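Same order as they appear, the protein sequences are chains A and B.
Count along the first sequence from 1, add 513, and you get the number used in our numbering.
Count along the second sequence from 1, add 513, and you get the number used in our numbering.
Positions of the beta carbon are idealized from the N, C-alpha and C atoms, including for glycine.
Source: prediction; values computed, not measured.
2 protein chains.
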Amino acid sequence: MLSKKTKYGLKALTFLARQESKEPIQIAQISKSENISQKFLESILLSLRKTGILGSKKGKGGGYYLIKEPTDILMTDVIRVLEGPIAMVPCVSLNFYEKCDDCPDEATCCVNKLMIQVRDATLKIFRNTTLKDLCV
Amino acid sequence: MLSKKTKYGLKALTFLARQESKEPIQIAQISKSENISQKFLESILLSLRKTGILGSKKGKGGGYYLIKEPTDILMTDVIRVLEGPIAMVPCVSLNFYEKCDDCPDEATCCVNKLMIQVRDATLKIFRNTTLKDLCV
DNA sequence: TATTAGCCTATCGGAATACTAGGATTAATT
DNA sequence: AATTAATCCTAGTATTCCGATAGGCTAATA
């Protein structure tokens with residue numbers, strides 16, 4: 514299940530990508546337009562800034578803005594920041610790999626093989642989708 | 514993230530599918546072979562029985578067994594019983610649809626469109642995978 | 001210097017997850 | 001009939017995570 518954090522994050526990013534000018538947009542404005550709790554959104558945007566997807570400006574007239582062009586922002590990056598691993602099981606995660614403690618051997622694990630397929634299919638979509646594609 | 518319930522359930526089903534005879538297998542045996550807490554496994558197998566994927570025999574010499582051939586047991590059915598919705602968001606779920614309360618219009622929702630793609634890709638895999646495929 | 005807006009940490013309630021306990025029930029064996 | 005072995009079933013618990021909130025701090029602008 515997709516977390517609200519990810520959902521809200523994607524909505525906020527899309528909102529920013531739809532702006533014509535590149536002036537900073539305030540949290541309050543995004544929060545109202547997209548029906549998102551302002552304080553919660555605040556923490557989401559903060560994490561997007563810390564990972565280099567968003568830029569921010571403090572003080573009066575401040576807000577958040579996209580650092581890169583929407584066509585250059587890949588879903589793989591966004592999802593990994595917001596949701597964490599794309600894989601459904603740590604033992605098939607490319608970026609967040611962890612061995613299962615109950616599994617003696619990954620090579621013969623039925624779950625492992627199935628989840629690799631799912632991971633690859635999902636990755637294929639996220640790698641081929643940019644923020645621009647979400648704006649349509 | 515895949516729940517342990519689903520993971521254990523898949524392992525147990527695969528274990529049963531690998532058996533040569535169709536005699537009932539006891540929970541204790543599966544639990545030991547697959548490193549799964551017996552009591553937890555008990556509740557998982559129970560739900561698989563209630564949804565018609567497994568059969569059981571009570572009393573001495575009892576246990577669980579597959580009702581259908583492994584080639585006739587689809588991942589779509591197993592996953593839906595164990596994990597619930599395959600979709601990552603209720604608003605794109607085929608079997609567990611729910612409207613989002615924060616979304617005014619699904620047609621223009623950026624998350625919706627993306628998650629439909631993911632759902633379809635995942636469904637395609639689960640529809641083309643049977644329990645037999647997991648046994649290899 | 002006053003105001004605005006992001007920065008940051010801490011916390012909290014509720015829901016879901018991952019189990020666990022213990023008795024009831026059923027069936028085979030002795 | 002008694003014993004044993006297994007599932008059935010309800011309930012409960014411990015822990016973790018999620019979504020959200022509170023409140024002060026810092027930086028930038030007017």
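Inset, instruction - Given a cut-off of 8 Å, decide if ALA525 (chain B) and LEU558 (chain B) are closer than it, judged by their beta-carbon atoms. - result: yes
Inset, instruction - Using a Cβ cut-off of 8 Å, pull out every chain A residue sitting near VAL591 (chain B), in sequence order please. - result: Near VAL591 (chain B) there are no residues of chain A at all, since even the closest Cβ is about 10 Å away, more than 8 Å.
Legend entry - Cβ contact check for the stretch 600 to 614 of chain A and the stretch 555 to 575 of chain A: 3 or more pairs under 8 Å: no
Inset, instruction - Taking 8 Å as the cut-off, decide whether the C-beta atoms of PHE639 (chain B) and MET588 (chain B) are in contact. - result: Yes. Within cutoff.
Inset, instruction - Look at GLN631 (chain B) and MET601 (chain B) and say whether their C-beta atoms are less than 8 Å apart. - result: Here residue 631 (chain B) turns out to be Val, not Gln, going by the sequence shown. Less than 8 Å separates the beta-carbon of VAL631 (chain B) from that of MET601 (chain B).
Inset, instruction - For GLY575 (chain B), name the three-state secondary structure that DSSP assigns. - result: Looking at GLY575 (chain B) - three-state DSSP - the assignment turns out to be coil, as it is neither helix nor strand.
Legend entry - First and last residue of the uninterrupted beta strand (DSSP E) at LEU559 (chain A): Looking at the DSSP string, LEU559 (chain A) is not in any beta strand (DSSP E); the run it does join, the alpha helix (DSSP H), is 551 to 563.
Inset, instruction - Express the C-alpha separation of LEU523 (chain B) and SER516 (chain A) in angstroms, rounding to a whole number. - result: 24 Å
Inset, instruction - Give me the Cα-Cα distance between SER664 (chain B) and SER550 (chain B), rounded to the nearest whole angstrom. - result: An answer regarding residue 664 (chain B) cannot be provided, because it is not within the stretch 514 to 649 covered by chain B.
Inset, instruction - Report, in whole angstroms, the separation of the C-beta atoms of LEU529 (chain A) and TYR577 (chain A), which I expect to be a contact under 8 Å. - result: 7 Å
Inset, instruction - Would you kindly work out how many angstroms separate the C-alpha atoms of ASP618 (chain B) and ILE566 (chain B), rounded to a whole number? - result: 38 Å
Inset, instruction - Quick one: using the 10 Å Cβ neighbour count with 16 as the cut-off for buried, is MET628 (chain A) buried or exposed? - result: buried
Legend entry - Residues, ordered as in the chain, of the stretch 629 to 643 of chain A that lie near chain B by beta-carbon distance below 7 Å: Cβ contacts with chain B: GLN630, VAL631, ALA634, THR635, ILE638 and THR642.
Inset, instruction - Please confirm whether GLU555 (chain A) and ILE538 (chain A) have their CB atoms less than 8 Å apart. - result: no
Legend entry - Given CYS604 (chain A) as reference, the closest of A:MET514, A:ASP590, A:VAL624 and A:VAL594 once Cα atoms are compared: A:VAL624
Legend entry - Helix, strand or coil at SER546 (chain B) according to DSSP, with G and I counted as helix: helix
Inset, instruction - Reducing DSSP to helix, strand and coil, say where ILE580 (chain A) ends up. - result: coil
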